[in-house]
Amino acid sequence: MTFNKPTDDYAQQVVAETLAQLQADAECGLAGAEATARRAQYGYNEIEEREEPLWHRIFRRFWGPIPWMIEVAALLSAIVRKWEDFAIITVMLLVNASLDFFQEHRALNALKALRQRLAIEVIVLRDGKFTTVEARELVPGDIVKLKIGDIVPGDVQLLKGDYLLIDQSALTGESLPVSKKLNEVAYANTIVKQGEMLAVVINTGMRTNFSSVASLVAKAQLEERSHFQKMVIQIGNFLILLTLVLVMLIVLVSLFRHEPFLEIARFALVLTVAAIPVALPAVLSLTMAVGAMNLARKQAIVSRLTAIEELAGVDIFCSDKTGTLTRNEMRVAEPVVLHGHREQELFLTAALASRLENNDPIELPLFHYIDEHFPQLPLADYRQLDFTPFDPIRKRTEANIVHGDEHFQAVKGAAQVLIEMAELDEEVAFDLNKTVDLLASKGYRTLAVGRRDNDGQKLQLVGLIPLYDPPREDSRQVIEEMKRYGVRVKMVTGDNLAIAKEIGRLLGLEQRTIRSVQLSGTTSNELLALSEALAAAIYRRLKGDVSTKEAKQFAAEVMSEVQSIYDTRLLEREFVHTHESAIIEMIEEVDIFAEVVPEDKYRIVDTLQKGDHIVAMTGDGVNDAPALKKADCGFAVSNATDAARAAADIILTTPGLSVINSAIKQARITFARMKSYATFRIAETIRIILFMTLSIIVFDFYPITA
Numbered sequence: 043m044t045f046n047k048p049t050d051d052y053a054q055q056v057v058a059e060t061l062a063q064l065q066a067d068a069e070c071g072l073a074g075a076e077a078t079a080r081r082a083q084y085g086y087n088e089i090e091e092r093e094e095p096l097w098h099r100i101f102r103r104f105w106g107p108i109p110w111m112i113e114v115a116a117l118l119s120a121i122v123r124k125w126e127d128f129a130i131i132t133v134m135l136l137v138n139a140s141l142d143f144f145q146e147h148r149a150l151n152a153l154k155a156l157r158q159r160l161a162i163e164v165i166v167l168r169d170g171k172f173t174t175v176e177a178r179e180l181v182p183g184d185i186v187k188l189k190i191g192d193i194v195p196g197d198v199q200l201l202k203g204d205y206l207l208i209d210q211s212a213l214t215g216e217s218l219p220v221s222k223k224l225n226e227v228a229y230a231n232t233i234v235k236q237g238e239m240l241a242v243v244i245n246t247g248m249r250t251n252f253s254s255v256a257s258l259v260a261k262a263q264l265e266e267r268s269h270f271q272k273m274v275i276q277i278g279n280f281l282i283l284l285t286l287v288l289v290m291l292i293v294l295v296s297l298f299r300h301e302p303f304l305e306i307a308r309f310a311l312v313l314t315v316a317a318i319p320v321a322l323p324a325v326l327s328l329t330m331a332v333g334a335m336n337l338a339r340k341q342a343i344v345s346r347l348t349a350i351e352e353l354a355g356v357d358i359f360c361s362d363k364t365g366t367l368t369r370n371e372m373r374v375a376e377p378v379v380l381h382g383h384r385e386q387e388l389f390l391t392a393a394l395a396s397r398l399e400n401n402d403p404i405e406l407p408l409f410h411y412i413d414e415h416f417p418q419l420p421l422a423d424y425r426q427l428d429f430t431p432f433d434p435i436r437k438r439t440e441a442n443i444v445h446g447d448e449h450f451q452a453v454k455g456a457a458q459v460l461i462e463m464a465e466l467d468e469e470v471a472f473d474l475n476k477t478v479d480l481l482a483s484k485g486y487r488t489l490a491v492g493r494r495d496n497d498g499q500k501l502q503l504v505g506l507i508p509l510y511d512p513p514r515e516d517s518r519q520v521i522e523e524m525k526r527y528g529v530r531v532k533m534v535t536g537d538n539l540a541i542a543k544e545i546g547r548l549l550g551l552e553q554r555t556i557r558s559v560q561l562s563g564t565t566s567n568e569l570l571a572l573s574e575a576l577a578a579a580i581y582r583r584l585k586g587d588v589s590t591k592e593a594k595q596f597a598a599e600v601m602s603e604v605q606s607i608y609d610t611r612l613l614e615r616e617f618v619h620t621h622e623s624a625i626i627e628m629i630e631e632v633d634i635f636a637e638v639v640p641e642d643k644y645r646i647v648d649t650l651q652k653g654d655h656i657v658a659m660t661g662d663g664v665n666d667a668p669a670l671k672k673a674d675c676g677f678a679v680s681n682a683t684d685a686a687r688a689a690a691d692i693i694l695t696t697p698g699l700s701v702i703n704s705a706i707k708q709a710r711i712t713f714a715r716m717k718s719y720a721t722f723r724i725a726e727t728i729r730i731i732l733f734m735t736l737s738i739i740v741f742d743f744y745p746i747t748a
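To convert, note that position 410 of the sequence shown is 452 in this note's numbering; the numbers rise steadily by one, no gaps.
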């Protein structure tokens, strides 16, 4: 008995077929023994997290180009019996390794502290009874109950109930919840915002869609050395190469002068040891450790020491929108009140068609707006006789209200639905739909509000309430400050184009925008050819009896216009096929990326790195983890998921982006210190080598003895 079907395949079939394939019983659930057997086969419902052994973490500090430089110097000191030098160099090696190990160990402890919380529990049907178990105990075929506030414990297919409103922002980056109904699939680690349903677990652990994000993180871990490591290695290689050339020159000259070979060899080894900058890695690591401590005091935990050096050189900053640039909570924009009504009446009716205790992300901003603008509204004087919640089919909420002797029905929901229910004049309906389309083009989600005094009467439309996820107060200021540092900010979001462009406008970002599909590299030739064929066919249909030549001529004119649009509005194309260098150039020029998926975020960072940019990335959701790991410096914001924190180089413990300003400033101060010391150390080493070489070759004088 093996269930290896991908989650999205289950979405193509009805739940009855799924139950049969999983050998699951919707009425009794799995038997306890069967659940145990399946757990033995499929393992626990958790993402595998391989913790690096302590011995490996220690050994890793002594393996690599930088430790090799110090180890070679120690070995050469031992060969020439310079035990004092050997001891000093060994201490340097231990100090360098200890600093790096201590910083990583402290960051890992901080991550463990952030993860310490109660295990997620779920209500599951076992042996005919509902019981509460830890989510990690679930297996494919389990029947679970999902309700408001629950985290979906695995990939599930909805089995029974009306609907669920699911927040997928941590997984997809979408700021608005999505509706799920019978037979649809809900993904692991998403959050139920509204509704209650039964569902059958179809995939767990490493077989969930969430695990694909984890695999991208693993791919990103196979990264090259940091710019810091490359810099130190290049410095060391240059000094060692210079030393070898000069030592060879000294040896040849000394042999030509018939000096004792043993003494020449001992002196050559001493000179080689002196040329290796053994203290350089240790001093630079110590400088970064001090910088990391300063950042920790500013609410930023550094999990990778070299991230400070990377951050100092960042020139492109890719930021997630939801919860990072924006507040991740809906707000009311400028309401539209219809003739004969007042704004106060609009929000009173909207509130009466809502339930505050549901904590619905769409309804909460209505009550916040009332608290700010109409605190005197007598909501307590009105009583809900009954309440019909929103569902994906009706697309509205309704409540029967009593106020003294007055009885009426309050309704709110999708604008198009209520406009149709109101049976408005054609001209009025057209104007309202045009207003809704205009608001949608600005990224707003619009609620329509109406009331009905008696059953059977047509709905009276009171007005429209636009909602949006506003930017954080400090986001625009932080972006402008980054520009002054020479850092270009790019917004990368899973939201649609209209929302992305509007938030970008509010943040002062360049309005050039591309969608996810434009990063795929598919060609536009098929679309152009189809346009030409359609133009010719439509012309024949409209004109009747026309020659093929005339139809082709008309099609050519249409194609000329289409091509003109492509040429002048390049970034609006849905299909792009270009050389990699052109894609790099396009991504460099654009500030807003909309409708992206996790693979796109990873691809954007990777492409910018191929363009020789040092890229930073902020994020908070599971969907950000691969790009955070791939980026030269990844930031996890304060409310980030464990996956994002684990992938990030710097973990912020305070909300907003202002701490990133401090991090950039501190990183550049730290890097300036590193640069000053490295310049001094290199100059001093070269001075010593050249001085001794000239002394021996020109003056036949040995300034030191071996």
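For glycine and all other residues, C-beta sits at the position ideal for the given N, C-alpha and C.
| said: DSSP has Leu139 in a bridge; who is on the other side? | reply: Checking the sequence shown, residue 139 turns out to be Ala, not Leu. DSSP lists no partner for Ala139.
| On the three-state DSSP scale, how would you describe Met659? | strand
| query | What three-state label does DSSP hand Asn87 in the structure shown? | reply | coil
| request: Just confirm the distance between the C-beta atoms of Gly546 and Asp362, as a whole number of angstroms; I'd bet it's less than 8 angstroms. | output: Rounded, the Cβ-Cβ distance is 13 angstroms, inconsistent with contact.
| field | Where Phe172 falls: helix, strand or coil (DSSP) | value | strand
| Every unbroken alpha helix (DSSP H) within the region 503 to 555, with a cutoff of 4 residues, ordered by chain | 517 to 526 and 539 to 549
| query | Rounded to the nearest angstrom, how far is the Cβ of Val657 from that of Val647, given a contact under 8 angstroms? | reply | 5 angstroms
| request: Tell me whether the beta-carbon of Asp691 lies closer than 8 angstroms to the beta-carbon of Ser345. | output: yes
| request: Check Phe409 in the structure and name its three-state DSSP category. | output: helix
| query | In terms of alpha-carbon separation, which member of Pro95, Glu238, Ile277 and Val175 lies closest to Lys717? | reply | Ile277
| said: Alpha carbons only, please: which of Asn475, Gln341 and Phe309 is nearest the one belonging to Leu699? | reply: Gln341
| query | Below 8 angstroms, can you find three or more Cβ-Cβ pairs linking the region 444 to 457 to the region 234 to 248? | reply | no
| message | Considering only DSSP beta bridges, list what His445 is partnered with. | response | Glu448
| message | Assuming contact is defined by CB atoms lying nearer than 8 angstroms, are Leu551 and Met533 in contact in what I supplied? | response | yes
| said: Quick check on Asn245: does DSSP put it in helix, strand or coil? | reply: strand
| query | Mind checking whether Ile521 and Pro377 have CB atoms under 8 angstroms apart? | reply | no
| query | Within 10 angstroms of its Cβ, does Ala517 collect 16 or more other Cβ (buried), or is it exposed? | reply | One point to set straight first is that residue 517 is Ser, not Ala, in the sequence displayed. When all chains shown are included, Ser517 counts as buried.
| task | Quick one: using the 10 Å Cβ neighbour count with 16 as the cut-off for buried, is Glu544 buried or exposed? | result | buried
| query | Quick one: what's Ala342 bridged to in DSSP? | reply | Leu694
| task | Using only alpha-carbon positions, find the residue among Ile208, Thr712 and Thr174 that is nearest to Asp184. | result | Thr174
| task | With a threshold of 7 angstroms, establish whether the CB of Val186 neighbours any heavy atom of the ligand ATP. | result | No copy of the ligand ATP appears in this structure; indeed no ligand is present at all.
| field | Same chain, Cβ closer than 6 angstroms to Asn225, five either side skipped, listed in chain order | value | Val56 and Val57
| request: Kindly confirm or deny that the region 179 to 194 and the region 75 to 86 touch, where touching means at least three C-beta pairs closer than 8 angstroms. | output: yes
| task | Classify Phe303 as buried or exposed, calling it buried when 16 or more other Cβ atoms lie within 10 Å of its own Cβ. | result | exposed
| What separation, rounded to the nearest whole angstrom, lies between the Cα atoms of Ala490 and Leu503? | 7 angstroms
| Residues sharing a beta bridge with Lys454, DSSP | Thr439 and Val491
| query | Per DSSP, Arg373 forms a beta bridge with which residues? | reply | Tyr510
| query | Should Pro407 and Leu509 be called a contact, given that it needs their Cβ atoms to be closer than 8 angstroms? | reply | yes
| field | Met289 to Ala116 span [Cα, whole Å] | value | The amino acid at residue 289 is misidentified as Met; the sequence shows Val. Each residue's alpha carbon lies about 18 angstroms from the other.
| task | Would you kindly work out how many angstroms separate the C-alpha atoms of Ala705 and Leu694, rounded to a whole number? | result | 10 angstroms
| For Leu153, does the three-state DSSP call read helix, strand or coil? | Below a pLDDT of 50, predicted positions are generally treated as unreliable, and Leu153, at 48, falls in that range; the measurement from the model is reported next regardless. Three-state result, Leu153: helix.
| request: Count the other CB atoms, across all protein chains shown, that sit within 10 Å of the CB of Gly191; report buried if there are 16 or more and exposed otherwise. | output: exposed
| query | Would you report the Cα separation of Leu549 and Asp197, rounded to the nearest angstrom? | reply | 36 angstroms
| Got a sec? Which residues, its chain only, sit under 7 angstroms from Pro513 by beta carbon, not counting five neighbours each side? | Leu367, Thr368, Ile545, Leu548 and Leu549
| message | Using only CA atoms, which one of Gly446, Asn442 and Lys476 lies nearest to Arg494? | response | Asn442
| query | Taking the alpha-carbon positions, what's the Gln426 to His445 distance? | reply | 9 angstroms
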